[in-house]
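Residue numbers (the working numbering): 637 to 871.
Glycine included, every Cβ here is placed at the ideal spot set by N, Cα and C.
Only a predicted model underlies this, so the values are computations on that prediction, with no experimental measurement involved.
Written below as structure tokens is the structure these notes are about.
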Amino acid sequence: MSQVQAKPIDLYYWPTPNGWKITIMLEELGLPYNVIPVNIGKGDQFKPEFLAFSPNNRMPAIIDPEGPDGEPISVFESGAILQYLGRKTGKFYPTDERARVAVDEWLFWQMGGFGPMLGQTHHFRIYAPEKVPYAVDRYTNEANRLYGVLNRRLEGRDYICDAYSIADMACIGWARGWERQGQDIKQFPNVARWIETMLARPAVQRGLKVAEELRNPAGISTPEEKAVLFGQKAR
637 MSQVQAKPID LYYWPTPNGW KITIMLEELG LPYNVIPVNI GKGDQFKPEF
687 LAFSPNNRMP AIIDPEGPDG EPISVFESGA ILQYLGRKTG KFYPTDERAR
737 VAVDEWLFWQ MGGFGPMLGQ THHFRIYAPE KVPYAVDRYT NEANRLYGVL
787 NRRLEGRDYI CDAYSIADMA CIGWARGWER QGQDIKQFPN VARWIETMLA
837 RPAVQRGLKV AEELRNPAGI STPEEKAVLF GQKAR
């Protein structure tokens, strides 16, 4: 598909590890985009106009005005967005089937394990109103196991799938938070080297800074924010 983008992509975003996946990808691609903040602490993700194209009430999501056949398309779920942008531009997502399978494997590993389990680690170590030792140990240990998996994968590799890809973009926002996940990065020298390599990329640096002024240094701190993020049921 064409790599030329005349109209900017609308990115519905908040500066979190999942949001950073997409800003990094867009910065690497050099595509124009508009940032539309979705304040997850205030419940913007539950607004009907957002749910119309992101039914899981989660950011990020995009609306590309120049989708297939030149018609607009919306995409939700960060992994699906990365794949879509990779197919659209032909970059960072290989066309060779064997290479693409490898990228898909590690992208899905991040989506199904590395992200959710590290997120649970954050929750029980930092945000839970009471510290439950079993939960803290369970998820801190699982995070440790996953870092071990990634460390083995990066043995002798600069990037997760040899060539730089959307798999790396999906993982870096989570991996750079190793300290708050109760991990000792010295235990994982290959991951430490990879993090350093990733954070040296100018587009990664730019992607991680997008709308950083919106990020509360105190994190999720008020009872209202916690109720919105951690107290929701089916609607």
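Start and end residues, beta strand (DSSP E) containing residue i
i      : result
TYR628 : Nothing in the structure corresponds to residue 628, since the chain is present only between 637 and 871.
ASN594 : Coverage of the chain is limited to positions 637 through 871, which leaves residue 594 absent and any answer about it impossible.
ASP680 : Neither: ASP680 is in no beta strand (DSSP E) and is coded neither H nor E.
Cβ shell of residue i (< 8 Å), same chain only, five flanking positions each side left out
i      : result
TYR649 : GLY655, ILE658, THR659, VAL671, ILE672, PRO673, VAL674, MET695, PRO696, VAL846, ALA847
Proximal residues to residue i (C-beta, below 6 Å), its chain only, five neighbours per side dropped
i      : result
GLN817 : LEU754, THR757, ALA779
GLU766 : none
Per-residue burial, residue i [other beta carbons within 10 Å of its own, 16 or more giving buried]
i      : result
ILE645 : buried
PRO704 : exposed
TYR770 : exposed
GLU849 : exposed
PRO668 : exposed
GLY706 : exposed
First through last residue of the alpha helix (DSSP H) which encompasses residue i
i      : result
ASP794 : From DSSP, ASP794 is part of no alpha helix (DSSP H); its letter is neither H nor E.
ALA864 : The residue you asked about is not Ala; residue 864 is Val in the sequence shown. Taken as a continuous stretch (DSSP letters only), the alpha helix (DSSP H) holding VAL864 covers 859–866.
SER714 : 714–725
TYR770 : 769–789
ILE645 : Looking at the DSSP string, ILE645 is not in any alpha helix (DSSP H); the run it does join, the beta strand (DSSP E), is 645–649.
Contact set for residue i: own chain, Cβ-Cβ below 7 Å, skip 5 residues either direction
i      : result
PRO651 : VAL846, ALA847, GLU848, LEU850, ARG851
TRP742 : ILE796, CYS797, ALA803
LEU687 : ASN693
Segment contact, 8 Å Cβ cut-off, at least three pairs: the region 673–687 with the region 725–744: no
Inter-stretch contact at 8 Å, needing at least 3 Cβ pairs: the region 792–811 / the region 759–778: no
Cβ contact check for the region 821–830 and the region 857–866: 3 or more pairs under 8 Å: no
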